[in-house]
Every structure is written in C-alpha cells, then in structure tokens.
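Chemist:
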Amino acid sequence: MSFASLRSSRQSKEAKSFVKRSTDSVSSPITTDRNSSNVVDDKLPSANSAYLVHYDGLHKALPPTLEIRTSSGSGRGLYAKKTLKAGFVLAAATPHVNVLSTSYLDSYCSNCCGPAPQSGLKRCTKCRTVWYCSSKCQTNDWALHKHECSALQRWASSAPSSDVSVPSDAIRCIARILWTQQKEGFDSAWTREINLMQSHRSSLPSSSFESHTHIAHSLVRYLGVSSPLELEPFGLKSAGDLVDLISRFTTNTFTLTTSSLTPIGVSVCPTIALTNHSCEPNAVIVFPWTSSSPTTQEPLMHLVAIKDIEPDEEIVTAYIDTTLPRDLRQLQLKETYNFTCSCSLCTRQLKVDPRASVWCPKSCGRTCPAPTEENSHTRCVECNAVLSSTDAVLDALRVGKEALDKATALQYKDPAKAKQLTTNMIPILTSARLTPSCHPLLAMTRLHQELLIASLPTSLTQEVLDDTIRTAGKYSAGLSALLPGGHPVRGVALAELGKLLAVDEPAPRTDAPAQQNTFPPSGPARLKLAYETLVRAHDELVVGFGADNGGGQVGREVREAIVSLEKELGMWTQGIKNVLEDSQVKIPRS
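The structure is reproduced here in structure tokens:
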C-alpha cells in the first residue's frame, strides 16, 4: 500500500468549532419536558419507573423498536422495546440542520457535507464563502442559502479583518434554524421538534453567560437586525426566547464528523438528541456515509448499539470524551450540560481507574492509582509496592496537561512547534510511569500520531515510518484499556494502525535473532501483522458503525485493504514456494 492515500485521508485544517473535538461521539441531554403538549401513558413495568410518552406527529424517524419514555431520574429518553444486538442500527435520521466549521467550508460540500470530488468543489459566486460538490447540491441548498448568502456578504463587509470575515458555525447554524422555521412554519412538526428540545435557561451556570451573550449579539448582527427586539419575524418574541434558542443549541448540538470521526462541523437532530448520557454508553452516534444518493440523503446520523441491549433498557450515549478521568468528565458535563453524572462508571469505586494510573514501581506488571494533590499516597494493587516518586508524577501530570493544551492550540497554527512539544513531552510522561491509557498521555499520543502523519515526507524513511507505527500502536493499546470492543473510536484507531503497517517499507531490515520480537516487525511478519490488525479493525467497525452499514465507509476501505493484503500474502507465499522448489538439488539415480 502506498502512503499517499493514507496521508491524504488524514490531512485536515483547524476546526474552530463551537463543539469541541472529543474521542467519543458527542450527544446532547434532554432531561425534562418543558412543553405540556405530550401525552403520558400509564406506568410501564420497567426497572427505572419510566412512563411512555407520545408526541403526536413528531419524531417520525424513530423506528418501532424504540420508544420515548420519561422518568423522574433522567427525564425523557429512548428505550428498547425488544432485544437489540451490538452493531444494530437503532435509528437513522436526517438532522434538521448541518453546518460546516469555518475552516472546512472550502473543502467539504455545504449541502451534503461530503468531501470534494476529483473535479473539485464549486464556490457560490455571490458570497464566495460556501462550496458545493455539484449543481444538484447547490440547488437543494438554495432555499436556505439565499438568506445565508446575503447574511454572509453583510457580515464580511463589516468585518474588521479577514480572520473574522465568516461567522462561527454556531451563528450560522442558529440562523439556519430560524430561516427554516420561517419556511416550514412556526406550528410545523419541524419547528415543534426544535422547540421541544431542552433549554437550561433557568439554570444556566454563570460560566456560560459570556458565551451566550456573544452568540446573541453576533446573531443579531448576522441576521441584519439592530436588536433582539426585531427578531419577532423569526418567531422570537422576547429576549428570553432568544436565550432559550441559544441554550437549546448549546445543549443539543452534535459534532458533525467524517466517516473516520474527524470533526468538521455541527449538527442538530432533535430525535437522536432524546438519548440521555452515560460515561458507559450502550450506543454511539456516527455518520457512516453509506447512502446510495449522498446529495439527497447525506449527512445521515446513525444511532448504533455497541452493546447488547435488553427490552426496557434505556439507550444511552456519551456526551463527552469518556477517556478522561472522572473529575474532568464531571467538570465538562456540569459546564456544558449543567448536570452531575451518576452513571455506573462515575459512582462505582475502582481500585485503579486506567484513565489515572501509573505502572507499579517494582515492575510487577500491575498498576497504581495516579497520585493526586489531595491523596499523594498510592501503592500497587497487586504487590502493594509504595510509589515513592509521587512529587515527580504530580509534576509530570501538571506539566503534561499544560503541554497538551498548548500543543492542541498549535496543531494547525504551528504544527512544527506542536510536534516538538509532543515529542519532548511524551518521554517525560512515560518516564513518570504513566500507563498508555492515562490522561494526559493518551491524548498526547493521539495528537502526536496526527502530527506525525500530517508531516510525513514524500520520501519516507524507515525510521519515521516505524516511529509513527509505534505511536499508533500505543494509542490503540491505550484505547483498548478504556473503550469496549466495537466502539468506533477503537475501530478507527485499529484501522489506522493496520494501514500504517501495510505501507511499503522504505528499507526493510534483515532481522538478527535478537531483533525478531521488536515492534514493528519487518518484512513478511509486518505484512501478516497488518492483515491481522485490519481484520480486527473490520470486526470492530462493523459493530461501531452498524452491521447493516458494513462498518461504514471506513469499514469498506478496510475490507478492500484486507483483500489486497490477502493477495499480497498469497503472492509472497507462492514466491517462497517457487524459490524452494527451484533450489532443490536433484540427486541422480545410480
């Protein structure tokens, strides 16, 4: 396999998105019903005392295998009506609104959100901001873009610099919601589904006031009105209505991703947003990109089971990155969604959380809880060896988190500087005995892998390729300690590792006996490992992106790579057989 295709698939630009990038698919909570138009049935015989809820004419994308219920503990949610196996596509819905992040406007279609075709994208000649993959997509988007086009031109004309000549994805997304509500009607099912999404206006944390105010002022400017009082034609009759809308957006927005989980924008889908949160989800939200007609069907959001789900069991997804330790997860949930998580992962006491763990100081093979400022005394859970270098570990954790934030901010602005930071920081974290799954080492490893792939030279050297493979291997190992089998993030990580292993070696080494067990291997052993890794990846992708979807677009690509490797391995085996046959010495009969 050549490296060109692998490298191009990983090239990306900075996504200054309202929704931050996370390892897990991002969902949004709906905890209570603020609208009294729903009808509640008699109590169902379920463990969490959930009641069936009917929404007349709404959420038609919901399949018969699922239903909406409400409970005193978690509010509205989606529940299974029958046994559902891992890999089952629970629901597939077209989001109400999709918007690309500013940095991706010129590399993805603004209608179907697909990547640029070989012929390139076509730019709107008026606003010169949005691009389309075809005239059909441009026509399909015109009902909304005719309003957006004028707004973009108006915004750009008054922008103080080119850096802010395009409003953020949050502003453009909320505006598209308002324009669609005008088009569909304020009493339409489309608008009612938007208005039924949860708003936390009455309980907004003070930390969100500034961002909400900024969005409100920017939205007023973008729509071409002078104050929130002039928003009544959009169905907003008061400043409170505007705050409600902004709160619904911030609470219920999903990250729009590519088929390989790269975030490229934001998406709003009220039906899928009915799912509640758990740090141990039984389902994920993905965009497999498998439609036969992308211009009319994509982007299509899929809710996929990653665990077997029993009848009356609630469907739960993760709103945040579940590879983070509990304190950071709780902080993100409180700041963004205004609740404290009480899921099983957050409430049960673990001897060692792999997200915050260090290797045993006596190297027995087990781990210790990572020390904290509040509790610096820690010992191995197996041999009870005391970790004496707690100050060094605490310093490494603190410096590592600071370096991760800085490197992440520099990833697209100054990738060379970002790579220098990750290159220098990873050895410090590993020397402090942090495990591959420990934060911030896992996140640092992921970032380092992305930077390595993005900077790989055209003339690839064996040393650089092997270093990239080792980094991908450590990242995949860290994820495997945290995420369940079949999670799409695990599947994509394995696929990337397998593809790297399949890249043609620039200078294959001849292994001495002492080098035979090194990673990565060389020659036929590497090819065999690439094949095995891709087979594992395919098995996980089929679950994470849906069995009916064949593992999504990534699953199809991996399957093609597997077939190619099977042929290559077969040719190698046949070649060896031919050489052995040709080298046989025939002893003449006497």
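Letter 297 of the sequence shown, counting from 1, is numbered 297 in the UniProt record's numbering, and no numbers are missing.
Yeah, the Cβ is synthetic: ideal placement off N, Cα and C, and Gly gets one too.
DSSP on threonine 323, reduced to helix/strand/coil?
Modeler: Note: threonine 323 maps to coil in three-state DSSP.
Chemist: Note down the Cα distance separating arginine 329 from histidine 145, rounded to an integer number of angstroms.
Modeler: Looking at the two C-alpha atoms, the distance is approximately 37 Å.
Chemist: Quick one, which of Lys81, Gln118, Gly544, Val503 has its alpha-carbon nearest alanine 530's?
Modeler: The shortest Cα separation from alanine 530 among Lys81, Gln118, Gly544, Val503 belongs to Val503.
Chemist: Report buried or exposed for valine 164, applying the criterion of at least 16 other Cβ atoms within 10 angstroms of its Cβ.
Modeler: Classification for valine 164: exposed.
Chemist: Can you tell me which of the three DSSP states glutamate 193 falls into?
Modeler: Three-state result, glutamate 193: helix.
Chemist: Using CA atoms only, rank isn't needed, just tell me which of Val166, Ile215, Gln349 is closest to arginine 248.
Modeler: Checking every option, the nearest Cα to that of arginine 248 belongs to Ile215.
Chemist: Would you please verify whether the beta carbon of valine 543 is less than 8 Å from any beta carbon of chain B?
Modeler: The question asks about chain B, but that chain is absent: this structure has only one protein chain.
Chemist: Starting from glutamate 67, trace the alpha helix (DSSP H) in both directions and tell me its first and last residue.
Modeler: Counting along the chain, glutamate 67 falls outside any alpha helix (DSSP H), though it belongs to the beta strand (DSSP E) covering 66 to 71.
Chemist: When you compare only the Cα positions, how much space is there between glycine 570 and glutamate 560?
Modeler: Their Cα atoms are separated by approximately 15 Å.
Chemist: Would you mind giving the Cβ-Cβ distance between proline 115 and tyrosine 108, rounded to the nearest angstrom? I have them listed as a contact below 8 Å.
Modeler: Proline 115 to tyrosine 108, Cβ: 6 Å. Contact.
Chemist: Measure the Cβ-Cβ separation of asparagine 140 and threonine 295 and say whether it is below 8 Å.
Modeler: In contact: asparagine 140 and threonine 295 (Cβ atoms closer than 8 Å).
Chemist: Beta-carbon separation of serine 227 and valine 220 under 8 Å?
Modeler: Cβ atoms of serine 227 and valine 220: closer than 8 Å.
Chemist: Please name the residue in Ser459, Leu497, Pro484 whose C-alpha comes closest to that of tyrosine 475.
Modeler: Among Ser459, Leu497, Pro484, the Cα nearest to that of tyrosine 475 belongs to Leu497.
Chemist: Looking only at its chain, what residues have a beta carbon closer than 7 Å to the beta carbon of threonine 435, apart from the 5 residues adjacent to it on each side?
Modeler: Same-chain partners within the cutoff: Pro354, Ser357, Val358, Trp359, Thr367.
Chemist: Within 10 Å of its beta-carbon, does glutamine 462 have 16 or more other beta-carbons around it, so buried, or fewer, so exposed?
Modeler: By the neighbour-count rule (16 or more Cβ atoms within 10 Å), glutamine 462 is not buried but exposed.
Chemist: Counting along the chain, where does the beta strand (DSSP E) carrying threonine 253 start and finish?
Modeler: That run of the beta strand (DSSP E) goes 253 to 257.
Chemist: Could you tell me which residues DSSP puts in a beta bridge with proline 115?
Modeler: According to DSSP, proline 115 bridges with Tyr108.
Chemist: For tyrosine 51, does the three-state DSSP call read helix, strand or coil?
Modeler: Three-state DSSP puts tyrosine 51 in a strand.
Chemist: By DSSP's criteria, glycine 75 is part of a beta bridge. Which residues make up the other side?
Modeler: Partner(s): Ser71.
Chemist: Since asparagine 375 is in the beta strand (DSSP E), which residue starts that stretch and which ends it?
Modeler: Here asparagine 375 belongs to no beta strand (DSSP E), and DSSP marks it neither H nor E.
Chemist: Tell me, to the nearest whole angstrom, how far the beta carbon of arginine 470 is from that of phenylalanine 519; I am working on the premise that it is less than 8 Å.
Modeler: Rounded, the Cβ-Cβ distance is 6 Å, consistent with contact.
Chemist: Are the segment 538 to 552 and the segment 274 to 290 touching, with three or more C-beta to C-beta distances below 8 Å?
Modeler: Enough Cβ pairs lie closer than 8 Å, so yes.
Chemist: Classify serine 37 as helix, strand or coil using the three-state DSSP reduction.
Modeler: Since pLDDT at serine 37 reaches only 35, below the 50 mark, its modelled position is unreliable, and no value is offered.
Chemist: Looking at asparagine 252: is its Cβ nearer than 8 Å to the Cβ of glutamine 198?
Modeler: Closer than 8 Å, so yes.
Chemist: Within 8 Å, do at least three Cβ pairs link the segment 78 to 95 to the segment 297 to 311?
Modeler: Yes, the segment 297 to 311 touches the segment 78 to 95.
Chemist: What's the call for lysine 82, buried or exposed, on a 16-neighbour Cβ count within 10 Å?
Modeler: The residue in question, lysine 82, is exposed, as its Cβ has fewer than 16 Cβ neighbours within 10 Å.
Chemist: Taking the C-alpha atoms as reference points, what is the distance between arginine 433 and aspartate 391?
Modeler: Taking the straight line from one Cα to the other gives about 13 Å.
Chemist: Report, in whole angstroms, the separation of the C-beta atoms of leucine 541 and valine 558, which I expect to be a contact under 8 Å.
Modeler: That pair is a contact at about 6 Å.
Chemist: Out of curiosity, what's the CA-to-CA distance linking phenylalanine 234 and lysine 183?
Modeler: Approximately 10 Å, taken between the alpha carbons.
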